[in-house]
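What follows is a short report on a single structure.
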């Protein structure tokens, strides 16, 4: 269980903003933080990671206190067991792909996890490549593999797929989902891509003006529509009241579709509209 | 023929200055990079002072400080039996101070050109500040490190004002090549002056050529 309450006065482009958020996240959940630019999403990740000091609050991870503003407890990022994937990937240019992953391990730690991660992320053939010789999508995979090599308590992803084209993005979303399940990670993703959020997350937390305004399931989040994206899926079942289960990229969305459709129909869903 | 002692002395001074400054400048530049507090701004200003001050000003104040007639020089002599004025050690200290910005600035600008996320990524992987500096940051600013080393070396070789003020002109102790040139010209020995000057010219050219060739190679090597 991860619990946190964070207070921080942020200096944004629109002036000062008081960030004040509280949340509880279950072990093994995939949580998406959704909100407009400048709402404070990245700052929350940075405070969880220990890169930014909150003004007040607490962070508790599995009964260990990472931060307590009252008691002035503060764990440095090195002691927090986090994996962080940065927007710019932050790969080390002086090391090749394999060396970037090996760097995450401590002295005398077995290196077979590195080979396994290279395999899972499809990087085995690129292991000896320099970072600069990789495409954006490949760099993203290295960053992801490196972040989980240490088996972190929380995996923090700061808009990791924002700079990648849509085809590669879909592949990476699959990899991300697979890794999250395979290594039983607790993952927090910052994103403003609704498609991605529905596809990946168990819980969506909406952030507006420095406050958490909603913590909900992806289907609820999608139905109540702050989104602009369109989802495509197949209807798996419909009950008598028109409540359908739609399969979208291996995830099930419960939605009321009325009486117009049949099982196995392919539907496009945009906010509350079904096509 | 010319005496070789001033050339050896110049080389010894330049190498020692470069080594000492490298050891001091790397942690200092790392500390100066990033958030700027008031104290850091003051330190930054002091580090940069030798860029704008005439060498004679620095030399003059160091001469006063090192002189046994004043408290610092007196204290050194009383407690450690060290006299810095007109000695190689005094010259070395003056050189280190005078060349400070030439080592600190390139390293600092190299470090600030790196994305802050590199440092944070290393921290998130459990690495200490020292491991991060030595294994992640410094290897990625090799051209800046080399620029600092080469500029400091070359600048020390070319030092004149500070050397004259602190060291005077003591053969084998403080008579460096640049002082020897001045001396030879003063005595109308243009031929000897020409040889010293020619050697310094060739040395400076070779050093800078090496620097630019290396940096060019580093640029090309980035993608292979």
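Protein chains in written order, with my numbering: chain A, 1 to 275; chain B, 1001 to 1224.
Think of the CB as a built atom: it goes at the ideal place given N, C-alpha and C, for glycine as much as any other residue.
Remember, predicted model here, so these are calculated numbers, not experimental data.
Determine whether the Cβ of residue 150 of chain A lies closer than 8 Å to any Cβ atom of chain B. yes
Could you check the C-alpha separation between residue 69 of chain A and residue 267 of chain A for me, to the nearest Å? 49 Å
Can you find the residues in the same chain that come closer than 7 Å, C-beta to C-beta, to residue 1040 of chain B, ignoring five residues on each side of it along the sequence? Excluding its 5 nearest sequence neighbours in each direction, residue 1040 of chain B has C-beta neighbours in its own chain below 7 Å: 1032, listed in chain order.
Any beta-carbon of chain A closer than 8 Å to the one on residue 1029 of chain B? Taking a beta-carbon distance threshold of 8 Å, residue 1029 of chain B does not count as an interface residue toward chain A.
Can you grab the Cα-Cα spacing for the pair residue 1224 of chain B / residue 1114 of chain B, in whole Å? Bear in mind that the predicted position of residue 1224 of chain B carries a pLDDT of just 46, short of 50, making it unreliable; the figure below should be weighed with that in mind. Cα to Cα, the separation comes out at about 20 Å.
Among the residues of its own chain, which have a CB less than 8 Å from the CB of residue 182 of chain A, if the five just before and after it don't count? Within the same chain, residue 182 of chain A has close Cβ partners 120.
What is the C-beta distance between residue 143 of chain A and residue 105 of chain A, in whole angstroms, given that I count them as a contact (C-beta under 8 Å)? 16 Å between Cβ atoms; not a contact.
Taking the straight line between their C-alpha atoms, what separation do you get for residue 284 of chain A and residue 209 of chain A? Chain A is shown only over 1 to 275; residue 284 of chain A falls outside these bounds and no answer can be derived.
Inspect the beta-carbon positions of residue 1141 of chain B and residue 1111 of chain B and report whether they are closer than 8 Å. Residue 1141 of chain B is a Cβ neighbour of residue 1111 of chain B, given a cutoff of 8 Å.
For a contact meaning CB atoms closer than 7 Å, what does residue 1033 of chain B contact in chain A? Those within 7 Å of residue 1033 of chain B in chain A number zero; the least Cβ separation is about 16 Å.
Alpha-carbon to alpha-carbon, residue 1201 of chain B and residue 1195 of chain B: 10 Å
So residue 1186 of chain B is in the alpha helix (DSSP H); what residue range does that whole segment cover? That run of the alpha helix (DSSP H) goes 1177-1186.
Buried versus exposed, by CB contacts within 10 Å (16 or more), residue 159 of chain A: Flag for residue 159 of chain A reads buried.
So with CB distances below 8 Å, who are the chain B contacts of residue 84 of chain A? 1120, 1121, 1124
Can you tell me whether residue 191 of chain A is helix, strand or coil according to DSSP? coil
Anyone know if the C-beta pair for residue 32 of chain A and residue 201 of chain A falls short of 8 Å? yes
Taking 8 Å as the CB-CB cut-off, is residue 1115 of chain B touching chain A? yes
Between the alpha carbons of residue 1 of chain A and residue 57 of chain A, how many angstroms are there, rounded? 17 Å
Do the stretch 1151-1171 of chain B and the stretch 1015-1029 of chain B make contact, defined as three or more Cβ pairs closer than 8 Å? yes
What runs of the alpha helix (DSSP H), each 4 residues or longer, lie entirely inside the stretch 1010-1093 of chain B? 1038-1052, 1055-1066, 1071-1080
So which of B/1102, B/1090, B/1072, B/1087 has the shortest CA-CA distance to residue 1048 of chain B? B/1102
Going by other Cβ atoms of all chains shown within 10 Å of its Cβ, with 16 needed for buried, is residue 195 of chain A buried or exposed? buried
Taking 8 Å as the CB-CB limit, is residue 1127 of chain B close to chain A? yes
According to DSSP, simplified to helix, strand and coil, what is residue 244 of chain A? strand
Three-state secondary structure (DSSP) of residue 269 of chain A: strand
How far does the alpha helix (DSSP H) with residue 99 of chain A in it extend, from its first residue to its last? 97-103
Taking 8 Å as the CB-CB limit, is residue 1026 of chain B close to chain A? no
In whole angstroms, what is the alpha-carbon distance linking residue 1066 of chain B and residue 1174 of chain B? 15 Å
Under a Cβ-count criterion, where at least 16 other Cβ atoms within 10 Å of its own Cβ denotes burial, should residue 110 of chain A be classed as buried or exposed? exposed
With H, G and I counted as helix, E and B as strand and the rest as coil, what does DSSP make of residue 161 of chain A? coil
So, helix, strand or coil for residue 149 of chain A, using DSSP? coil
Quick check on this structure: which residue in A/189, A/232, A/10 has the alpha carbon closest to the alpha carbon of residue 246 of chain A? A/232
Are the stretch 75-90 of chain A and the stretch 14-34 of chain A in contact at 8 Å, needing three or more beta carbon pairs? No: the two stretches stay apart, fewer than three of their Cβ pairs being nearer than 8 Å.
Taking C-beta to C-beta, are residue 1017 of chain B and residue 1177 of chain B nearer than 8 Å? Against a cut-off of 8 Å, the Cβ pair of residue 1177 of chain B and residue 1017 of chain B comes out as no contact.
Does the beta carbon of residue 54 of chain A come closer than 8 Å to any beta carbon on chain B? no
Is it buried or exposed for residue 61 of chain A, if we count other Cβ within 10 angstroms and need 16 for buried? buried
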